[in-house]
Amino acid sequence: MKTRTSGSGEGGEGDTPSQLIDARIEELGDWRGETLARIRALVTQADPDVVEEWKWRGVPVWSHAGMICTGETYKNAVKVTFAQGASLNDPSGLFNSSLEGNTRRAIDFHEGDTIDAEAFQALVHAAVALNIS
Numbered sequence: 016m017k018t019r020t021s022g023s024g025e026g027g028e029g030d031t032p033s034q035l036i037d038a039r040i041e042e043l044g045d046w047r048g049e050t051l052a053r054i055r056a057l058v059t060q061a062d063p064d065v066v067e068e069w070k071w072r073g074v075p076v077w078s079h080a081g082m083i084c085t086g087e088t089y090k091n092a093v094k095v096t097f098a099q100g101a102s103l104n105d106p107s108g109l110f111n112s113s114l115e116g117n118t119r120r121a122i123d124f125h126e127g128d129t130i131d132a133e134a135f136q137a138l139v140h141a142a143v144a145l146n147i148s
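Position 104 (the sequence shown) corresponds to 119 in our numbering; numbering is contiguous.
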């Protein structure tokens with residue numbers, strides 16, 4: 016996994032995006048941190064060449080030949096937004112948010128939700144394939 020700092024970040028000078036994501040997971044310290052850590056693990060397992068980035072004042076971003084997805088944390092949800100989600104086949108119906116857009120699609124995870132790892136990683140693979148094409 017590669018890292019690249021871009022956009023305006025928070026945290027110490029010189030922290031890599033991976034370190035900033037580690038810090039965010041630790042800072043959350045609850046189910047949201049655990050969910051973000053699980054999402055991160057699934058993305059990096061699905062695509063060993065993924066690049067971790069830190070953008071927009073503190074949003075983890077995973078990219079490969081373009082943005083794959085973001086991992087935003089809110090009070091009641093962890094939102095994973097796929098940049099080209101509207102163009103991805105989602106046979107398992109994971110997308111449950113931002114469905115009205117022409118480009119992005121998102122998955123909102125709430126406390127107690129389980130992540131369908133196989134279906135999620137299939138979306139990551141599809142996003143990478145679309146970015147490369």
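Beta carbons are placed, not taken as given, at the ideal position from N, Cα and C, and that holds for glycine.
Query                                                                                                                                       : Result
Give me the DSSP bridge partner(s) of Gly86.                                                                                                : Val95
Between His140 and the rest of its own chain, which residues show a CB-CB distance below 7 Å, the 5 nearest in sequence each way excluded?  : Ala61
Helix, strand or coil: which one does DSSP assign to Arg72?                                                                                 : coil
Based on the DSSP output, what are the partners of Asp123 in its beta bridges?                                                              : Lys94
Compare the Cα-Cα distances from Glu123 to each of Pro32, Glu42 and Arg47 and report the closest residue.                                   : Here residue 123 is Asp; the residue named in the question, Glu, does not match the sequence. The shortest Cα separation from Asp123 among Pro32, Glu42 and Arg47 belongs to Arg47.
Run through DSSP, which three-state label would Ile130 get?                                                                                 : coil
Quick one: what does DSSP say Leu138 is sitting in, helix, strand or coil?                                                                  : helix
Would you please state the rounded distance, in angstroms, between the beta carbons of Ala144 and Thr118? I believe it to be under 8 Å.     : The pair is not a contact, with the Cβ atoms about 17 Å apart (cut-off 8 Å).
Could you check the C-alpha separation between Thr188 and Val66 for me, to the nearest Å?                                                   : Past the edges of the chain, shown from 16 to 148, lies residue 188, and the structure says nothing about it.
What residues in its chain sit with their C-beta under 7 Å from that of Asp64, if we drop five residues either side in the sequence?        : His79
Among the residues of its own chain, which have a CB less than 8 Å from the CB of Asp131, if the five just before and after it don't count? : Ser107 and Leu109
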